[in-house]
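**Q** Protein chains in written order, with this note's numbering: chain L, 186 to 357; chain S, 186 to 357.
Got a structure for you, questions after.
Number of protein chains: 2
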Amino acid sequence: MTDGAPVSDTRAEFIEKIGLITQAEGMPRIAGRVFGMLIFDGEAASFGDLATRLQVSRGSISSSIRLLEERGLVKRIAKPGDRQDYFQLAPNPYVSMLEGVQKRARSTRDEITHTINALPAGSDAINRLQEYANFYAKTAAAIGTVINALHTSKACDTGQAPAAPKDDDHEN
Amino acid sequence: MTDGAPVSDTRAEFIEKIGLITQAEGMPRIAGRVFGMLIFDGEAASFGDLATRLQVSRGSISSSIRLLEERGLVKRIAKPGDRQDYFQLAPNPYVSMLEGVQKRARSTRDEITHTINALPAGSDAINRLQEYANFYAKTAAAIGTVINALHTSKACDTGQAPAAPKDDDHEN
DNA sequence: CGTCCTGTTCAGTATTGACTGAACAAACTT
DNA sequence: AAGTTTGTTCAGTCAATACTGAACAGGACG
Numbered sequence: 186m187t188d189g190a191p192v193s194d195t196r197a198e199f200i201e202k203i204g205l206i207t208q209a210e211g212m213p214r215i216a217g218r219v220f221g222m223l224i225f226d227g228e229a230a231s232f233g234d235l236a237t238r239l240q241v242s243r244g245s246i247s248s249s250i251r252l253l254e255e256r257g258l259v260k261r262i263a264k265p266g267d268r269q270d271y272f273q274l275a276p277n278p279y280v281s282m283l284e285g286v287q288k289r290a291r292s293t294r295d296e297i298t299h300t301i302n303a304l305p306a307g308s309d310a311i312n313r314l315q316e317y318a319n320f321y322a323k324t325a326a327a328i329g330t331v332i333n334a335l336h337t338s339k340a341c342d343t344g345q346a347p348a349a350p351k352d353d354d355h356e357n
Numbered sequence: 186m187t188d189g190a191p192v193s194d195t196r197a198e199f200i201e202k203i204g205l206i207t208q209a210e211g212m213p214r215i216a217g218r219v220f221g222m223l224i225f226d227g228e229a230a231s232f233g234d235l236a237t238r239l240q241v242s243r244g245s246i247s248s249s250i251r252l253l254e255e256r257g258l259v260k261r262i263a264k265p266g267d268r269q270d271y272f273q274l275a276p277n278p279y280v281s282m283l284e285g286v287q288k289r290a291r292s293t294r295d296e297i298t299h300t301i302n303a304l305p306a307g308s309d310a311i312n313r314l315q316e317y318a319n320f321y322a323k324t325a326a327a328i329g330t331v332i333n334a335l336h337t338s339k340a341c342d343t344g345q346a347p348a349a350p351k352d353d354d355h356e357n
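Right, here's the structure in full:
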């Protein structure tokens, strides 16, 4: 705040921090650094910029970008004069993150109910498994409310009308 | 349901499935297998049983149990006649899981706000970082509501009165 | 056509971390 | 006390995977 250290230091620390967080969440560290850099800088970064400024090989940038694109966190754009690809944050990356978590939670719930259905009617394991499945169901539902909250708070800065994205809490 | 395959097969598949899920969530697979076995069987299992039935070394059981105890998922108990340690599911393991996730989300949010505070007032990165921090804050809050829901649905089968565990949505 | 320029792919390397098994310490049994 | 049983710790091994760098393919431009 009092500018004791230059902003570039703060920036570097932030990028590194996001790298570690991302690694803890099961993604490669470099993907997190890319993500952190795009958040901090805001403006689109070129493929070459990413490799140079993050000091990693072009191969690593390529695979990290692929991961981030798959998860809907980063968008690839083209610039008129330039032959390089440019990258920037996707319109609402956090929603995409949550959708991924939600999808996995639901899938886990489904696997548990699949086990339940394979058990004979009287089994006393059913109650415990039901509780376990219910936990994932409740979690997925709660994530749904956050997704909706993020949708309405950011509104539509993408130009396309989200049309009040419907509370997708089907199934309990 | 029609009992096409024996329950023991279903059990083995379930335990293995939880092992994989747990691995995907960043824990060692064996810890997940222990957790899965305790869920399915319900009754307390001895240290030796775990090693024998899961076909892993005692060292692995020891470290897996340590992890599960740290996270509040499993409780160690003693049986009068037996010198072995026994293990069973903690009273409300899913609440403990969520508390861990919530704690990490809050810690991440704090790290981001820490970065924000280190930036000069006019920086245009602040808005983006604020949004990022807000995402983690909202997530943590939503997890809080699930925790409360699980508290009230299971009520108090531990004997101790939770006394309406207060909505801990302090701070937004 | 040949030559850059740009991004992807892939084999090889390095690092991380799970798992084993043996050594160890503590507590019980005789 | 000697000998068991039980759980933890730790060095070593093994597998998974992140990362590199070189080879490659496809355009753009001369």
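Ideal Cβ placement from N, Cα and C applies to all residues, glycine included.
Model, not experiment: these values are computed from the prediction.
The alpha helix (DSSP H) with residue 192(S) in it runs from where to where?
**A** Segment 192-209, the alpha helix (DSSP H) holding residue 192(S).
**Q** Between residue 204(S) and residue 218(S), is the Cβ-Cβ spacing less than 8 Å?
**A** In contact: residue 204(S) and residue 218(S) (Cβ atoms closer than 8 Å).
**Q** Where DSSP assigns a beta bridge to residue 272(S), which residues make up the other side?
**A** In DSSP, residue 272(S) forms a bridge with 230(S), 261(S).
**Q** Measure from the C-beta of residue 307(L) to each C-beta in chain S and report whether the shortest distance is under 8 Å.
**A** With 8 Å as the cut-off, residue 307(L) does not count as an interface residue toward chain S.
**Q** Give the straight-line distance between the Cα atoms of residue 268(L) and residue 261(L), rounded to the nearest whole angstrom.
**A** If you take the alpha carbons of residue 268(L) and residue 261(L), they lie about 13 Å apart.
**Q** Does DSSP classify residue 287(L) as helix, strand or coil?
**A** In this structure, residue 287(L) counts as helix in the three-state DSSP scheme.
**Q** Are the C-beta of residue 343(S) and some C-beta of chain L separated by less than 8 Å?
**A** Unreliable positioning characterises residue 343(S) in this predicted model, as indicated by a pLDDT of 47, which lies under 50. The coordinate reading is nonetheless provided below. With 8 Å as the cut-off, residue 343(S) does not count as an interface residue toward chain L.
**Q** Is it buried or exposed, residue 249(L), if we count other Cβ atoms within 10 angstroms and call 16 or more buried?
**A** Buried is the call here.
**Q** Residue 304(S) and residue 195(L) - do their beta-carbons sit closer together than 8 Å?
**A** It is a contact, given that the beta carbons lie within the stated cut-off.
**Q** To the nearest angstrom, report how far apart residue 281(S) and residue 297(L) are at their CA atoms.
**A** Going by the C-alpha atoms only, they are around 19 Å apart.
**Q** Check for me: the alpha helix (DSSP H) holding residue 248(S) runs from which residue to which?
**A** Unbroken alpha helix (DSSP H) run through residue 248(S): 243-255.
**Q** Could you list the residues in the stretch 294-306 of chain L with a C-beta less than 7 Å from some C-beta on chain S, going in chain order?
**A** For the stretch 294-306 of chain L, which is checked against every Cβ of chain S, the residues closer than 7 Å are 296, 300, 302, 303, 304, 305.
**Q** Whole angstroms are fine: how far does the CA of residue 315(L) sit from the CA of residue 309(L)?
**A** Those two C-alpha atoms are separated by around 11 Å.
**Q** Does the beta carbon of residue 192(S) come closer than 8 Å to any beta carbon on chain L?
**A** With 8 Å as the cut-off, residue 192(S) counts as an interface residue toward chain L.
**Q** Hey, out of 230(L), 244(L), 208(L), whose CA is closest to residue 259(L)'s CA?
**A** Residue 230(L) is the option with its Cα nearest to residue 259(L).
**Q** Could you have a look at residue 240(L) and say whether DSSP puts it in helix, strand or coil?
**A** DSSP places residue 240(L) in coil when its eight states are reduced to three.
**Q** Straight-line CA distance for residue 237(S) to residue 294(L)?
**A** Rounded to the nearest angstrom, the two C-alpha atoms are 29 Å apart.
**Q** Does residue 359(L) have its Cβ less than 8 Å from a Cβ in chain S?
**A** Beyond the ends of chain L as shown, which are 186 and 357, falls residue 359(L); an answer cannot be given.
**Q** Taking three-plus beta-carbon pairs below 8 Å as touching, is the stretch 282-290 of chain S in contact with the stretch 323-332 of chain S?
**A** Touching, per the Cβ criterion.
**Q** According to DSSP, is residue 309(L) part of a helix, a strand, or is it coil?
**A** In the structure shown, residue 309(L) sits in coil (DSSP, three-state: anything other than H, G, I, E or B).
**Q** Along chain S, which residues have their Cβ under 7 Å away from the Cβ of residue 331(L)?
**A** Near residue 331(L) (Cβ distances below 7 Å), the residues of chain S are 323, 324, 327.
**Q** Mind listing the chain S neighbours of residue 199(L)? Cutoff is C-beta to C-beta under 7 Å, in chain order.
**A** What residue 199(L) touches in chain S: 300.
**Q** Please list the partners that residue 334(L) has in chain S, where partner means a Cβ-to-Cβ separation under 7 Å.
**A** Going along chain S in sequence order, the residues near residue 334(L) (Cβ under 7 Å) are 323.
**Q** Please name the residues in the stretch 213-225 of chain S whose beta-carbon is closer than 7 Å to at least one beta-carbon of chain L, in chain order.
**A** The residues in question are 224, 225.
**Q** Classify residue 265(S) as buried or exposed, calling it buried when 16 or more other Cβ atoms lie within 10 Å of its own Cβ.
**A** Exposed, by the Cβ-count rule.
**Q** Report the option in 317(L), 334(L), 311(L), 306(L) whose CA atom is closest to the CA atom of residue 319(S).
**A** Of the listed residues, the one whose Cα sits closest to residue 319(S) is 334(L).
**Q** Can you have a look at residue 207(S) and say buried or exposed, based on whether 16 or more other CB atoms are within 10 angstroms of its CB?
**A** Buried.
**Q** Measure the alpha-carbon distance for residue 312(L) versus residue 245(L) and round it to whole angstroms.
**A** The alpha-carbon atoms of residue 312(L) and residue 245(L) are separated by roughly 47 Å.
**Q** Using CA atoms only, rank isn't needed, just tell me which of 272(S), 332(S), 276(S), 198(S) is closest to residue 283(S).
**A** Selected option, being the one with the closest Cα: 332(S).
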